[in-house]
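K.L.:
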Amino acid sequence: MKLYKKKYGVFGLLEYHAVLPLGGGSVRVDFQHGSINTRGVEPATFTTENQIVQKLIEDSDKFKSGRIKLIEKIVIGEAKEESASVSKEESASVAKEPEVASYPDVKNSQMAKEVLMGEPYGLTLSDLPHKEAILEQAERLHVSFPNWK
1 MKLYKKKYGV FGLLEYHAVL PLGGGSVRVD FQHGSINTRG VEPATFTTEN QIVQKLIEDS
61 DKFKSGRIKL IEKIVIGEAK EESASVSKEE SASVAKEPEV ASYPDVKNSQ MAKEVLMGEP
121 YGLTLSDLPH KEAILEQAER LHVSFPNWK
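Just so it is clear: in the sequence shown, position 132 is 132 by this note's numbering, and no numbers are missing.
1) Take G12 as the anchor and find which of I76, D127, G34 has the nearest alpha-carbon.
2) What does DSSP give as the partner residues of K5 in its beta bridges?
3) Rounded to a whole number of angstroms, what is the C-alpha to C-alpha distance between K64 and K149?
4) Where does A79 fall in DSSP's three states?
5) When the Cα of I68 is compared with those of D59, I74, I76, I36, which residue comes out closest?
6) Would you kindly work out how many angstroms separate the C-alpha atoms of K5 and T48, rounded to a whole number?
7) In whole angstroms, what separates the C-alpha of I74 from that of L3?
8) Could you check where the beta strand (DSSP E) with I36 kicks off and where it finishes?
Structure below.
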């Protein structure tokens, strides 16, 4: 399976903030850098290599209705194919357990805030006032910081 870097756009806007449902929560995707210039109107854009975020966007009503459009798709690699002999029981358990994103380089609260405020999580500084709140949000978003004590 090919891996892609995809660029999405929202035409007619300079910025657009899409809130996409994910399980019991949501993910905010920020489209930015739209402009009106001598070449015309440039759409607000969002670029990602994250397959999960790509799937969220492309399964959303905003994409299906044409509000969000795929502007560019670049092949960046090849994913290793997993064994086709996965049992139905194993595939059912995988579908129920969300994948945890691990960030072993994070060693303090500032680094954790940077991850959670960045793409694809999009939290704000007010969502992360102290260590307990950071850890709660990370757990909610299925993010782990194994080297942060």
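C-beta atoms are modelled at their ideal positions from N, C-alpha and C, and glycine is treated no differently.
P.N.:
This is what the structure gives:
1) G34
2) I74
3) 43 Å
4) coil
5) D59
6) 6 Å
7) 8 Å
8) 35–37
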